[in-house]
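Q: In the working numbering, the protein residues as written are 1121 to 1364.
Heads up, the beta-carbon is just placed ideally off N, CA and C, and yes, glycines get one too.
Now the structure itself:
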């Protein structure tokens, strides 16, 4: 998406444009941190981990935090839910970064930190709680607002349902490698100009390669009166053979 966005910026007259091609995955791979937004920490479908000692967590912690002291993390990392987004905070940023590295090496991918740890959270106006700690993780993925279920999406791709159409918003090179046989292909940056190709009397189930572009396309279409939903999944296609 970065190169497409840069192209759009150039068309709009901007000249000093740079693209970081490796994106967030490259940033993570290089060992640099990302930081969770306050609302995501408070209400997101996450696993929030307090890496400090249990005693410190009892005295004061971020609500919803699960106590996993850093000294015990390696013995517990294998039991952590593989697909959960994790947010970490500890005694120091170095401690949180060490935990992030350990979890990345264990195959966990969606990990961010609390900016400034507990002190940073309090300075930002975040609430705290105290008392007995939670040590058991109970996480289940929740569908986002506007997300289409896998079952409903597959019912359209295999022809079992006719009340919706599939919209593929990947770029031309991606769709040329393969796509769902009955999908309408419109790259994300062209959706605004080509909405007339889409039916308004049917639901529109949108996919890309992971869900990020599909989410943006759904927002744009819904603002124009369409009933659009996005798929959150890794999609790979060869010819008309697509795996989700």
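1. Pop quiz: residue 1222 and residue 1197 are said to be a contact at Cβ under 8 angstroms. What is the actual Cβ separation, rounded to whole angstroms?
2. Go ahead and pull the three-state DSSP assignment for residue 1141.
3. Tell me whether residue 1208 is buried or exposed, calling it buried when 16 or more other Cβ atoms sit within 10 Å of its Cβ.
4. Give a yes or no on contact between the segment 1230-1241 and the segment 1318-1325, applying the rule of three or more CB pairs nearer than 8 angstroms.
5. For residue 1210, count the other beta carbons within 10 Å of its own beta carbon; 16 or more makes it buried, fewer makes it exposed. Which is it?
6. What does the Cβ neighbour count give for residue 1141, buried or exposed, with the cut at 16 atoms within 10 Å?
7. Could you tell me the distance, in whole angstroms, from the CA atom of residue 1305 to the CA atom of residue 1329?
8. Tell me whether the segment 1140-1155 and the segment 1175-1193 touch, counting them as touching only if at least three CB pairs, one residue from each stretch, are closer than 8 angstroms.
9. Can you list, in chain order, the residues of its chain with a C-beta nearer than 7 angstroms to that of residue 1130? Leave out the 5 residues immediately preceding and following it.
10. The beta strand (DSSP E) with residue 1293 in it runs from where to where?
A: This is what the structure holds:
1. One-based indexing of the chain shown puts residue 1222 at position 102. One-based indexing of the chain shown puts residue 1197 at position 77. At roughly 7 angstroms, the Cβ-Cβ gap stays under 8 angstroms, so residue 1222 and residue 1197 are in contact.
2. In the chain shown, residue 1141 corresponds to position 21, counting from 1. DSSP places residue 1141 in coil when its eight states are reduced to three.
3. Here residue 1208 is taken as the residue at index 88 of the chain shown, counted from 1. Its Cβ being crowded by 16 or more others within 10 Å, residue 1208 is buried.
4. no
5. To locate residue 1210, count along the chain shown from 1; it is residue 90. Flag for residue 1210 reads buried.
6. Working through the chain shown from its first residue, we reach residue 1141 at position 21. So residue 1141 ends up on the exposed side.
7. The residue labelled residue 1305 in the question sits at position 185 within the chain shown. The residue labelled residue 1329 in the question sits at position 209 within the chain shown. When rounded, the distance between both Cα atoms is 13 angstroms.
8. no
9. Taking the chain shown and counting its residues from 1, one reaches residue 1130 at position 10. Cβ within range, chain order: 1137.
10. Within the chain shown, the letter at position 173 stands for residue 1293. Element bounds for residue 1293: not the beta strand (DSSP E) but the alpha helix (DSSP H), 1292-1297.
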